[in-house]
Every structure is written in C-alpha cells, then in structure tokens.
Amino acid sequence: MPDPRFVKYFDWWLLGLTFLIAGLGLLILYSAVTVGAHASPQKILVLKQLLWYCAGAMIMLVSFFFDYKALGRWAFVIYLICIVLLVCVLFFGKYVGGSRRWLGLGPVSIQPSEMVKLAVIIMLARYYSKLVTTKGFTLRELIKPFIIVGIPFFLIVKQPDLGTGMVVLLIAGTMTLFVKIERRSLIYMLIVCMLAVPTMWFVGLKAYQKQRVLTFLNPDRDPLGTGYHIIQSKIAIGSGAAVGRGFRQGNQNTLSFLPEQHTDFIFSVLAEESGFVGSVCVLLTFLMLIISGLNIAHGCRDPFGTVLSVGVTAMIFWQVFINIGMVMGLMPVVGVPLPFISYGGSSVITMMICISILMNVSMRRFIIE
Numbered sequence: 179m180p181d182p183r184f185v186k187y188f189d190w191w192l193l194g195l196t197f198l199i200a201g202l203g204l205l206i207l208y209s210a211v212t213v214g215a216h217a218s219p220q221k222i223l224v225l226k227q228l229l230w231y232c233a234g235a236m237i238m239l240v241s242f243f244f245d246y247k248a249l250g251r252w253a254f255v256i257y258l259i260c261i262v263l264l265v266c267v268l269f270f271g272k273y274v275g276g277s278r279r280w281l282g283l284g285p286v287s288i289q290p291s292e293m294v295k296l297a298v299i300i301m302l303a304r305y306y307s308k309l310v311t312t313k314g315f316t317l318r319e320l321i322k323p324f325i326i327v328g329i330p331f332f333l334i335v336k337q338p339d340l341g342t343g344m345v346v347l348l349i350a351g352t353m354t355l356f357v358k359i360e361r362r363s364l365i366y367m368l369i370v371c372m373l374a375v376p377t378m379w380f381v382g383l384k385a386y387q388k389q390r391v392l393t394f395l396n397p398d399r400d401p402l403g404t405g406y407h408i409i410q411s412k413i414a415i416g417s418g419a420a421v422g423r424g425f426r427q428g429n430q431n432t433l434s435f436l437p438e439q440h441t442d443f444i445f446s447v448l449a450e451e452s453g454f455v456g457s458v459c460v461l462l463t464f465l466m467l468i469i470s471g472l473n474i475a476h477g478c479r480d481p482f483g484t485v486l487s488v489g490v491t492a493m494i495f496w497q498v499f500i501n502i503g504m505v506m507g508l509m510p511v512v513g514v515p516l517p518f519i520s521y522g523g524s525s526v527i528t529m530m531i532c533i534s535i536l537m538n539v540s541m542r543r544f545i546i547e
C-alpha cells in the first residue's frame with residue numbers, strides 16, 4: 179500500500195504549472211500550423227503533439243510508483259543505452275535540415291540527443307552526491323565528470339548539433355558549480371576556457387557555424403540567407419506590440435514569412451499574437467516552474483535527490499533561456515526547442531520525464547536512508 183505521506187507531499191502546484199504550459203503550447207502550435215500556405219499538411223502535428231503529451235503523462239503516472247533513487251542504481255545502464263543510441267544515429271540516423279539527428283524505430287523517430295541530457299544529469303548526480311564536500315571538487319576529482327560529459331558532447335557535435343551539445347555543457351557546468359569547485363581548480367578551468375575560445379573558432383567550428391555567429395552579430399549582412407530567420411522573428415515579435423494581433427492573426431505566421439514557426443521559432447508566433455503582455459505571462463509561468471524545481475531541491479534531504487533536482491531544473495532553464503534569446507536575436511540560432519511548447523515528440527517526452535523526476539523527489543523528500 180502506498181505511503182500516505184506521498185499524497186500529502188504530492189506537488190499539485192508543479193503539476194498544474196506543467197499542464198498550464200502544455201495547454202498553452204498546444205494552443206500556440208494550433209495557431210502556428212493551421213493558418214497560412216503551410217496549414218493543410220501540418221494540421222496533423224497538433225494531434226501528434228497531443229498524443230506525445232498523453233504518452234508523457236502516462237510515463238509520469240507510472241513513475242510515481244517508483245523511488246527516484248532507483249535512477250542512481252541504474253544510472254550507468256541508462257547512460258550506456260543513450261550513448262549507444264547516439265552512435266547509431268551517426269551510422270543509421272535520418273538527415274533532417276542538413277543534420278543527422280533522428281533515429282527511426284519502426285513508425286516512430288526519436289532524437290537521442292534529447293534523452294542523453296537526462297542520462298548525463300543522472301550520472302553526474304550519482305557521482306557528485308557520493309563525493310560532495312564543503313571544500314569543493316579538485317581537478318583530479320572532476321576528470322570522471324569530464325569524461326561523462328565529453329563522450330555525449332562529442333557524439334552530438336558530430337551529428338552536427340552544436341546547440342544541444344552546448345546545452346549539455348551548460349547543464350553539467352551548473353551542476354558542477356552547485357556542488358562547488360575548489361577555488362584554484364576553478365581558476366585553472368576558467369583560464370583553459372578562455373584559451374579554448376579562439377581555438378574553437380579557428381579549428382572546432384565548421385563554416386556554417388561561424389556563419390551563424392557572424393549573422394547573430396549582424397543579421398543584415400545576409401538578409402535573404404542566414405539572417406532571414408532572425409530578421410523575420412524580430413519583425414514578428416515587434417509587430418505584436420503590447421497586446422498582440424490576436425489568436426491566429428499574426429501576419430508573419432499567416433503569410434508564411436516566419437520559418438520553423440512550429441518548432442524553434444514558435445515563441446515568435448506567441449509574441450506576435452499575444453504581444454508583450456502574453457509573452458511576459460508565459461515567461462513568468464516558466465519562472466514559477468523553475469523556482470518550484472529549486473524549492474524541491476532545497477527541501478530534499480537526500481544529496482542525490484538534491485543534485486538531481488538541480489540538474490533537471492537547470493535543463494529546463496537553459497533551454498528556455500537559449501530559445502528566447504535566439505528568437506529575439508540576442509543569441510545565435512542553434513536549434514534549441516522551447517520546452518513544452520515547440521513541436522517534437524522527443525522534447526515533449528523528455529520534459530515530461532523531467533517533471534516526473536521533480537515530483538518524485540518532492541513526494542519522497544521526507545525519506546532518509
């Protein structure tokens with residue numbers, strides 16, 4: 179029989195925020211794919227997204243019956259499976275938009291790079307929770323985390339998908355800073371990072387990736403090419419003004435000027451139709467979701483649960499931060515979806531698992547082993 183304290187500590191607030199954002203996401207997606215010249219072939223995407231949400235909700239429901247600590251015991255297996263899937267993508271993946279990121283499994287296509295974010299979080303949480311100290315981690319103790327993060331980062335960049343690779347690094351960096359790094363080790367790491375920036379520019383980045391950075395600095399240098407996405411996105415956001423043009427009334431979306439309107443640039447559709455007021459409301463909802471995740475981490479008595487919650491919350495935060503910065507022209511276009519709102523089955527399932535982990539930790543935060 180389930181412990182009655184699970185019901186007492188069930189986080190209805192977090193669940194409500196999740197369903198609220200998911201509902202808003204479906205409305206925005208409906209508007210993005212049911213108007214304009216692209217409407218007819220894309221209407222089915224709303225139904226598919228709803229099915230992905232239902233699948234995610236079922237996974238969430240099942241996960242409530244399992245203790246999140248089992249993730250620590252199965253961390254290496256989960257990590258290894260995700261690495262194998264990333265390797266399979268390099269050999270058998272589908273090309274979409276010039277990148278090999280998708281792996282076909284019968285009638286369903288999955289994006290392993292989305293799932294590997296969670297695998298890295300679980301592995302790092304397991305490692306850090308066992309060795310956490312008040313003095314902070316030394317460079318020697320950080321070698322294993324470097325390997326844990328480096329392997330999937332390399333495989334993701336080879337797809338190529340630099341945006342998702344950077345998200346993995348940012349999540350890992352946030353978790354590492356949370357558990358604390360020895361001051362001298364942190365200084366060494368900062369020096370190495372500063373020296374690596376010019377090296378990455380001249381050696382690590384491909385021509386199209388350099389072009390994205392240059393376009394970010396000056397979108398007008400190629401307004402009909404690489405700068406087109408950013409320019410049209412900024413026009414859509416600006417035309418929304420204070421209260422927006424109204425549901426399904428955005429010109430950029432209706433006239434099909436806005437590219438990737440249902441995936442990476444879906445926030446531009448929201449901003450044009452609901453304006454500054456609607457955009458701020460959505461951002462505040464995300465902020466409440468992130469604060470809820472941090473509160474769960476703060477209230478957890480188990481080191482693994484605390485670090486795990488911080489990692490999951492960091493994942494949501496960085497994807498929101500990068501996507502919003504990207505569509506506003508404040509960051510280069512890197513193809514990071516907006517959580518719960520951008521179309522995509524792998525992204526939706528991964529985010530629903532993130533919420534289920536947070537709720538699982540919240541339900542069992544009173545247990546100390």
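Residue numbering for the sequence shown is 179 to 547, as defined by the numbering used here. Where a beta carbon is used, it is the ideal one built from N, C-alpha and C, also for glycine.
Determine the closest residue to Cys371 out of Gly201, Gly351, Phe356, Glu360, with distance taken between C-alpha atoms. Selected option, being the one with the closest Cα: Gly351.
Could you pull out every unbroken beta strand (DSSP E) segment of at least 3 residues lying fully inside the segment 229–291, listed in chain order? 272–274, 277–283, 286–288
Pro510: which of Met344, Met238, Tyr521 sits nearest, CA to CA? Nearest to Pro510 by alpha-carbon distance, out of Met344, Met238, Tyr521, is Met344.
Closest residue to Leu309 among Gln427, Ala297, Pro323 (Cα-Cα distance): Pro323
Beta-bridge pairing of Ile359 - partner residues as DSSP gives them: Phe315
Coil, strand or helix - Tyr406 by DSSP: Of the three classes helix, strand and coil, the one that applies to Tyr406 here is helix, per DSSP.
Comparing C-alpha positions only, which one of Arg304, Val357, Asp339 sits nearest to Thr312? Val357
According to DSSP, is Ser520 helix, strand or coil? coil
Closer than 7 Å: Ile474 CB and nearest the ligand ATP heavy atom: Absence of the ligand ATP is noted for the structure shown, with no ligands found whatsoever.
In chain order, what residues of the same chain lie with their CB nearer than 6 Å to the CB of Gly314, ignoring the 5 residues before and after it? Lys358, Ile359, Glu360
Which of helix, strand or coil does DSSP assign to Leu202? helix
Are the C-beta of Ala350 and some C-beta of chain D separated by less than 8 Å? Checking the listed chains, one finds no chain D in this structure; it contains a single protein chain.
Taking DSSP as the reference, what is the three-state secondary structure of Tyr208? Reduced to three states, the DSSP call for Tyr208 is helix.
Beta-carbon contacts of Met179 that lie in its chain and below 6 Å, excluding the five residues immediately before and after: Because the pLDDT of Met179 is 45, which lies under 50, any placement of that residue in the model is unreliable, and the number read from its coordinates should be weighed accordingly. The answer is none, since no qualifying residue turns up.
Which first and last residues belong to the alpha helix (DSSP H) in which Gln497 is found? Following the DSSP letters along the chain, one finds Gln497 inside the alpha helix (DSSP H) bounded by residues 481–505.
Distance between beta carbons of Gly471 and Glu451, contact taken as under 8 Å: In fact, because the Cβ distance is near 28 Å, the residues do not count as touching under 8 Å.
Quick check on this structure: which residue in Val458, Leu508, Phe197, Ser520 has the alpha carbon closest to the alpha carbon of Leu223? Ser520
What did DSSP end up calling Val294 once you bin it into helix, strand or coil? helix
Measuring CB to CB, does Leu281 end up less than 8 Å from Ile531? no
Report yes or no: do the segment 235–254 and the segment 292–306 share at least 3 C-beta pairs separated by less than 8 Å? Per the Cβ contact rule, the segment 235–254 is in contact with the segment 292–306 (3 or more Cβ pairs under 8 Å).
Quick one: residues in its chain with C-beta nearer than 6 Å to the C-beta of Gly522, no 5 flanking neighbours on either side, listed in chain order? Pro515
Whole angstroms are fine: how far does the CA of Leu205 sit from the CA of Asp442? Asp442 and Leu205 have their alpha carbons spaced roughly 16 Å apart.
Using a 10 Å radius around the Cβ and a threshold of 16 neighbouring Cβ atoms, would you call Cys478 buried or exposed? buried
Given this structure, state the Cα-to-Cα distance separating Tyr187 from Ile474, to the nearest angstrom. 11 Å
Could you check where the alpha helix (DSSP H) with His440 kicks off and where it finishes? Where His440 is concerned, there is no enclosing alpha helix (DSSP H), given that its DSSP letter is neither H nor E.
Would you mind giving the Cβ-Cβ distance between Val539 and Tyr246, rounded to the nearest angstrom? I have them listed as a contact below 8 Å. 5 Å
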